[in-house]
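Q:
Protein chains: 2
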Amino acid sequence: MASDHTRSAILAAAERLYADRGFGDVTLRDIVAEANVNLAAVNYHFGSKDELIAELFVTRSIQTNRERLNELKAAEEAGGGRAAIEDIMRALVGPTLRGCLGPDREGSTAARFMIRASIESVPPIRRIKNREVDHLRKFAAAMRRAMPGRDDTELYWGLHFALAMAHHTIREKERLLRLSEGKCDLDDVRAIIDRVVTVSVMALTMGDVPNKPAARPVLVHGRLTRQDL
Amino acid sequence: MASDHTRSAILAAAERLYADRGFGDVTLRDIVAEANVNLAAVNYHFGSKDELIAELFVTRSIQTNRERLNELKAAEEAGGGRAAIEDIMRALVGPTLRGCLGPDREGSTAARFMIRASIESVPPIRRIKNREVDHLRKFAAAMRRAMPGRDDTELYWGLHFALAMAHHTIREKERLLRLSEGKCDLDDVRAIIDRVVTVSVMALTMGDVPNKPAARPVLVHGRLTRQDL
DNA sequence: TTGCATTTCAAACATTTGTATGAAACTATC
DNA sequence: GATAGTTTCATACAAATGTTTGAAATGCAA
Numbered sequence: 000m001a002s003d004h005t006r007s008a009i010l011a012a013a014e015r016l017y018a019d020r021g022f023g024d025v026t027l028r029d030i031v032a033e034a035n036v037n038l039a040a041v042n043y044h045f046g047s048k049d050e051l052i053a054e055l056f057v058t059r060s061i062q063t064n065r066e067r068l069n070e071l072k073a074a075e076e077a078g079g080g081r082a083a084i085e086d087i088m089r090a091l092v093g094p095t096l097r098g099c100l101g102p103d104r105e106g107s108t109a110a111r112f113m114i115r116a117s118i119e120s121v122p123p124i125r126r127i128k129n130r131e132v133d134h135l136r137k138f139a140a141a142m143r144r145a146m147p148g149r150d151d152t153e154l155y156w157g158l159h160f161a162l163a164m165a166h167h168t169i170r171e172k173e174r175l176l177r178l179s180e181g182k183c184d185l186d187d188v189r190a191i192i193d194r195v196v197t198v199s200v201m202a203l204t205m206g207d208v209p210n211k212p213a214a215r216p217v218l219v220h221g222r223l224t225r226q227d228l
Numbered sequence: 000m001a002s003d004h005t006r007s008a009i010l011a012a013a014e015r016l017y018a019d020r021g022f023g024d025v026t027l028r029d030i031v032a033e034a035n036v037n038l039a040a041v042n043y044h045f046g047s048k049d050e051l052i053a054e055l056f057v058t059r060s061i062q063t064n065r066e067r068l069n070e071l072k073a074a075e076e077a078g079g080g081r082a083a084i085e086d087i088m089r090a091l092v093g094p095t096l097r098g099c100l101g102p103d104r105e106g107s108t109a110a111r112f113m114i115r116a117s118i119e120s121v122p123p124i125r126r127i128k129n130r131e132v133d134h135l136r137k138f139a140a141a142m143r144r145a146m147p148g149r150d151d152t153e154l155y156w157g158l159h160f161a162l163a164m165a166h167h168t169i170r171e172k173e174r175l176l177r178l179s180e181g182k183c184d185l186d187d188v189r190a191i192i193d194r195v196v197t198v199s200v201m202a203l204t205m206g207d208v209p210n211k212p213a214a215r216p217v218l219v220h221g222r223l224t225r226q227d228l
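Here the protein sequences line up with chains A and B, keeping their order. Read left to right, the first sequence gives residues 0 to 228 (numbering that gives the first Met the number 0). Read left to right, the second sequence gives residues 0 to 228 (numbering that gives the first Met the number 0).
What follows is the structure, given as structure tokens:
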């Protein structure tokens, strides 16, 4: 293999165009024009359009997932094998939010691409996301170690809500900005991560529920382990 | 206008096919075949494919929005002009969740269609969603009345997170089911609504934050109004 | 019935799209 | 420098798709 030049040019051009204009509006011809390569080069190097998209997404995904696991590992080692729940949640949502938000990331093609991928959800990307469950299980396991005795169901819901807040913030940051008329600072990523982590931990450690008129019994099985008061 | 027969047949067929197979996989020819009408009928009655999709989505949307506002109004009247924050959040996320989740809704075309619309996010639908901000402002206003003195920023974040949890649950219910190996009951809609409302209210009423190492000051302006301990 | 507007229909249009082909250019090894 | 493997290129292919057209059918009022 000589230099990978064409291959990389296609990847770079594709990521930029998809980031700027979305998956629906960009054709292979747009990409090869931007990359100054021949149309047939895409199928030669990647097999198909979908495989090109998949490679783009996988590259960025394993990057984020590695960061997540690194943070998780660091937190567990610092805690002597058992990380604090707050640090686990931070390891879960931090890399994603840092990767997609923030003023420095404004011009980052990778960030804008991942935002697109989060919004549009095209088939090849959906397929990859479906395999993400195994990755999440590692966090569920860490959470279980951090909160023994907690009902598993509560764990999953907490994990689910944490991802909900993180991803929704990425997906709908424009709308939140407009709704709040700029009052919500989407550039202060640290503060956003803190916010998401805080709410997630609250959701996970809540033992009983305030102002609950006629509701389901909360945590019938789970022992109250922390600051439940 | 004779009977609207063709028009309604197209709408029904389109909603069903989109619900089952997604927007990407369904062509106008599929729709007219299912509806037993002529291909040109779509453009005659709706102008274009996108306008057909838009009409489908708008119909279901205003339905949900009306339910939301009805619940909000009822809560405000019951509270003498000022609804409890919990009821406001319930009015916000209840109709959406009830509309898309639950065992009875399993076979509901409308529900499956709205889930699709939430997942795939096709251009005509995105355009409509962008106009949703005005609708959300009414809830922001109600929240402001319910929690006077609260910083506006906190309000918007709370509103945002509530929608995050609701929509993410709809979007990713399959994954949550798989991750939790069926432990999370996605059919118990009442419980899910309670859960989302509870966490939302917690996020909104939290005065200070547990286990916070070095974080931004929370609520420097907002008075602590409720069970802050 | 006549006349006019609405609706339906079959067929064609006009593009756009990803993909395949086969020859040419290039590269590295002997 | 001949050979074989790799890469590039122009071009064609084939299929799908939303849209348009103009005539035929239908409905309705006078």
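No residue lacks a Cβ here, since even glycine has one placed at the ideal position from N, Cα and C.
#1: Run through the segment 25-61 of chain A for me and flag every whole alpha helix (DSSP H) of 4 or more residues, listed as ranges in chain order.
#2: Can you tell me the Cβ-Cβ gap for LEU71 (chain B) and PHE138 (chain B), rounded? I've got them flagged as a contact below 8 Å.
#3: Taking the alpha helix (DSSP H) that SER199 (chain A) falls in, what are its first and last residues?
#4: Let's test the definition: count the other Cβ atoms within 10 Å of the Cβ of THR204 (chain A) and tell me whether it reaches 16, buried, or not, exposed.
#5: Using the beta-carbon count (16 or more within 10 Å), is THR168 (chain B) buried or exposed?
#6: What's the gap between the Cα of ASP187 (chain A) and the Cα of GLY101 (chain A)?
#7: By Cβ distance, which residues of its chain are closer than 8 Å to VAL92 (chain B), with the 5 residues on each side in sequence left out?
#8: With a threshold of 7 Å between beta-carbons, can VAL188 (chain B) be considered close to chain A, or not?
#9: Within its chain, find whatever has a CB closer than 8 Å to the CB of ARG81 (chain A); leave out the 5 residues flanking it on each side and keep chain order.
#10: In or out: ALA34 (chain A) buried (at least 16 other Cβ within 10 Å) or exposed?
#11: Would you say ASP29 (chain B) reaches chain A, if we count a Cβ-Cβ gap shorter than 7 Å as a contact?
#12: Within 10 Å of its beta-carbon, does ILE114 (chain A) have 16 or more other beta-carbons around it, so buried, or fewer, so exposed?
#13: Pick out whichever of B:MET88, B:PRO123 and B:GLU85 has its Cα sitting closest to the Cα of SER47 (chain B).
#14: Please confirm if VAL236 (chain B) has its CB atom under 7 Å from at least one CB of chain A.
#15: Just tell me which of B:ALA18, B:SER117 and B:THR152 has its CA closest to the CA of ARG170 (chain A).
#16: Hey, is TYR17 (chain B)'s beta-carbon within less than 7 Å of any beta-carbon in chain A?
#17: Using Cβ-Cβ distances below 9 Å, what residues of the segment 110-124 of chain A are close to chain B?
#18: Where does CYS99 (chain B) sit, in a helix, a strand or coil, going by DSSP?
#19: With DSSP run on the structure shown, which of helix, strand or coil describes ARG174 (chain B)?
#20: Any C-beta of chain A sitting closer than 7 Å to the C-beta of MET201 (chain B)?
#21: Between the alpha carbons of PRO147 (chain A) and LEU16 (chain B), how many angstroms are there, rounded?
#22: What does the Cβ neighbour count give for ALA39 (chain B), buried or exposed, with the cut at 16 atoms within 10 Å?
A: Walking through what the data contain:
#1: As summarised for the segment 25-61 of chain A, the continuous alpha helix (DSSP H) elements at least 4 residues long and confined to that stretch are 27-34 and 39-45, given in chain order.
#2: LEU71 (chain B) to PHE138 (chain B), Cβ: 7 Å. Contact.
#3: Residues 188-204.
#4: With 16 or more neighbouring CB atoms inside 10 Å of its own CB, THR204 (chain A) falls in the buried class.
#5: Buried, since its Cβ has 16 or more Cβ neighbours within 10 Å.
#6: Distance between the alpha carbons of ASP187 (chain A) and GLY101 (chain A) is about 6 Å.
#7: Within the same chain, VAL92 (chain B) has close Cβ partners ALA161, LEU162, MET164, ALA165, ILE192, VAL195, VAL196 and SER199.
#8: Interface criterion not met: the Cβ of VAL188 (chain B) is under 7 Å from no Cβ in chain A.
#9: Within the same chain, ARG81 (chain A) has close Cβ partners GLU75, ARG144 and ALA145.
#10: ALA34 (chain A) comes out buried.
#11: Output row for ASP29 (chain B): interface = no.
#12: In this structure ILE114 (chain A) is buried. Its beta-carbon is surrounded by 16 or more other beta-carbon atoms within 10 angstroms.
#13: It is B:PRO123.
#14: Here chain B covers residues 0 to 228 and nothing more, so residue 236 (chain B) does not appear.
#15: Out of B:ALA18, B:SER117 and B:THR152, B:SER117 has the C-alpha closest to the C-alpha of ARG170 (chain A).
#16: Residue contact with chain A for TYR17 (chain B): absent (no Cβ-Cβ distance below 7 Å to any residue of chain A).
#17: Contact annotation: in the segment 110-124 of chain A, residues whose CB is within less than 9 Å of a CB in chain B are ILE118, GLU119, SER120, VAL121 and PRO122.
#18: Three-state DSSP puts CYS99 (chain B) in a helix.
#19: It is helical.
#20: Yes, because at least one Cβ of chain A sits closer than 7 Å to the Cβ of MET201 (chain B).
#21: The alpha-carbon atoms of PRO147 (chain A) and LEU16 (chain B) are separated by roughly 46 Å.
#22: Here ALA39 (chain B) is exposed: its Cβ has fewer than 16 other Cβ atoms, across all protein chains shown, within 10 Å.
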